[in-house]
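Note that my numbering has the sequence shown beginning at 9, numbered continuously upward.
Comments concern the structure below.
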Amino acid sequence: MNINIGVIGTGLIGLIHLFSLKQIKEENLISKNGVNINIKQIADIDENKLNKLKKNNPYNVERFTTNPEDLIYDNSIDIIYIATPTKFHKEFFCKAAEEGKNIFCEKPIAFSLDDIKEMISYEKKYGILTQTGLVLRYCPIFWKFKEILLDKNLQFGERLSFIFRDTQEWPLGTQTHPSEWRKDPSLAYAGCLYEHGIHDVDLLNYLFNEEAEISKLKAKIRYVSQLTQGSIEDVAILNIEYLDGFSGNLIGIWNNARMDERRFEVSFENGFLVLDGYTGFSLNKFEYLIKKKKKRFTMKDVTIEYLEQKNYPKTTSNLGPYLYENLSFLNSVLNEEKPYPGLEIGYKAHNIIELAYQSSKENTIINFN
9 MNINIGVIGT GLIGLIHLFS LKQIKEENLI SKNGVNINIK QIADIDENKL
59 NKLKKNNPYN VERFTTNPED LIYDNSIDII YIATPTKFHK EFFCKAAEEG
109 KNIFCEKPIA FSLDDIKEMI SYEKKYGILT QTGLVLRYCP IFWKFKEILL
159 DKNLQFGERL SFIFRDTQEW PLGTQTHPSE WRKDPSLAYA GCLYEHGIHD
209 VDLLNYLFNE EAEISKLKAK IRYVSQLTQG SIEDVAILNI EYLDGFSGNL
259 IGIWNNARMD ERRFEVSFEN GFLVLDGYTG FSLNKFEYLI KKKKKRFTMK
309 DVTIEYLEQK NYPKTTSNLG PYLYENLSFL NSVLNEEKPY PGLEIGYKAH
359 NIIELAYQSS KENTIINFN
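Pasting the structure below:
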């Protein structure tokens with residue numbers, strides 16, 4: 009059985025998906041035997057990028073094109089990855105859905121909640137399978153974070169507060185993010201909260217909403233850097249309160265410090281759970297304290313446990329969560345099961361972010377129904 013894949017967009021995240029798919033193919037990581045993964049077409053409007061990929065063709069791609077519609081209307085393609093600037097997500101999604109393609113759509117999903125609703129309607133109308141790129145749900149560390157919250161719930165006691173800080177170097181013209189499109193609202197829509205913080209808002213939903221829903225939100229959004237003439241936010245501070253009284257701060261920052269890391273600390277009646285210096289591939293500290301009992305975890309041990317629990321194959325890849333989300337998506341398509349996380353989960357995160365912009369603009373507390 010062949011699975012033919014097309015990828016639209018060859019920026020950083022597009023290349024990560026291409027490398028993940030290459031790894032899955034070469035190491036035969038798909039759970040079903042006799043499945044052959046083919047990266048059939050790649051589309052990008054930047055011909056220079058395509059020519060660089062063509063030169064060595066490390067992914068054994070059959071065709072390169074500067075017109076994404078060539079890929080969308082290719083009847084032989086089963087799955088499309090949309091890894092373009094956010095502006096184009098909805099357009100390509102709806103066209104691909106009409107052609108019956110299963111779709112992996114990167115975050116942010118689209119420019120507006122109405123756009124996402126329309127995408128959900130297309131998904132249902134054409135019976136396609138869709139996964140969104142909310143990759144933190146596939147991080148072994150955050151999986152373990154949630155396992156600890158659930159397993160030690162009684163020992164921790166009542167939830168008190170949290171502090172979650174996400175700091176990223178401005179993703180403009182850097183070695184990691186050489187592109188410039190994120191400074192343009194017509195392509196990116198918004199900044200650190202929308203483009204990057206959507207991961208963090210979604211993670212809070214993943215970790216905390218099973219205990220209680222959000223009840224109140226107060227946000228302060230700032231536009232400090234001259235890189236974008238004040239059109240893209242680089243500071244976002246969200247104070248979030250849940251129905252059980254648990255509350256805390258989510259802080260998102262883009263600045264010129266050469267660091268990309270998250271710090272997450274949750275305080276309880278009887279202790280705390282803390283993750284410090286987490287980059288996605290390394291960390292400084294991950295531990296919990298319950299009264300006088302402390303336990304520390306390593307990245308290696310958590311990853312081994314995660315692979316065993318999720319029944320994922322061991323691999324030489326160092327792409328970690330990106331590989332796991334692609335494995336999950338491809339297996340969902342093969343088994344004709346709803347992929348995770350889907351558009352509805354992404355919509356919830358987008359809704360919170362839009363309410364945060366409203367709160368900051370109006371300098372008001374948002375009360376959730």
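We put the beta carbon where it would ideally sit given N, CA and C, even for glycine.
These numbers were taken from a predicted model, which means no experiment stands behind them.
Within the region 173-223, the runs of alpha helix (DSSP H) at least 4 residues long that lie entirely inside it are, in chain order, 193-196, 205-216.
In terms of Cβ geometry, residue 300 and residue 278 do not form a close pair [threshold 8 Å].
Inclusion of residue 11 and residue 358 in the CB contact set at 8 Å is not warranted, their separation being larger than that value. Take residue 374, set aside five residues on each side of it, and the residues of its chain with a beta-carbon closer than 6 Å to its own are 225, 363, 367, in chain order. Residue state for residue 293 is assigned as strand, using DSSP reduced to three classes.
DSSP places residue 32 within a helical segment (H, G or I) once states are collapsed to three. Residue 305 sits away from residue 139, with the two beta carbons spaced by 8 Å or more.
Annotation: the continuous beta strand (DSSP E) that includes residue 257 extends over 255-263.
For the pair residue 64 and residue 58, the Cα-to-Cα distance works out to about 11 Å.
As a beta-bridge residue in DSSP terms, residue 51 pairs with 16, 73.
Nearest in C-alpha terms to residue 322, of all of 31, 372, 145, is 31.
For residue 43, the three-state secondary structure derived from DSSP is coil. Around the CB of residue 329, 16 or more other CB atoms lie within 10 Å, so the residue is classed as buried.
In this structure, residue 100 lies away from residue 66, with their beta-carbon atoms at least 8 Å apart. Residue pairing by DSSP puts residue 272 in a beta bridge opposite 172, 283. For a cut-off of 8 Å, the C-beta gap from residue 280 to residue 250 is around 18 Å, too long to register as a contact. Taking a contact to require three or more Cβ pairs closer than 8 Å, the region 89-98 and the region 113-123 qualify as touching. Using a C-beta cut-off of 8 Å, the region 310-317 makes no contact with the region 174-194, since fewer than three inter-stretch Cβ pairs fall below that distance. Around residue 134, the same chain offers 105, 106, 108 as residues with beta carbons nearer than 7 Å, after the five sequence neighbours per side are excluded. For residue 295 and residue 194, the gap between their C-alpha atoms comes out near 42 Å.
Segment contact: the region 138-154 against the region 235-249, fewer than three CB-CB distances shorter than 8 Å; contact not assigned. Bridge partners of residue 113 according to DSSP: 90, 140. Non-local C-beta neighbours of residue 254 in its own chain, meaning closer than 6 Å and more than five positions away in sequence, comprise 167, ordered along the chain. The region 158-167 makes no contact with the region 334-348, as fewer than three CB pairs between them are under 8 Å.
Of 22, 23, 82, 28, the smallest CA-CA separation from residue 334 is found for 28. When the alpha-carbon of residue 267 is set against those of 260, 287, 275, the nearest one is in 287.
Beta-bridge annotation (DSSP): residue 310 is not paired with any residue. Judged by their CB atoms, residue 361 and residue 143 are not nearer to each other than the 8 Å cut-off. When rounded, the separation of the alpha-carbon atoms in residue 343 and residue 45 is 15 Å.
Annotation: residue 50 to residue 70 spans about 9 Å, alpha carbon to alpha carbon. For residue 227, the pairing in a beta bridge is given by DSSP as 246. The beta-carbon distance between residue 260 and residue 205, rounded to whole angstroms, is 4 Å. This is short enough to meet the 8 Å contact definition. Within a 10 Å sphere around the beta-carbon of residue 17 sit 16 or more other beta-carbons, which makes this residue buried. At a Cβ-Cβ threshold of 8 Å, residue 269 and residue 285 count as neighbours.
The three-state reading of DSSP puts residue 167 in strand, counting E and B together. As a beta-bridge residue in DSSP terms, residue 10 pairs with 44.
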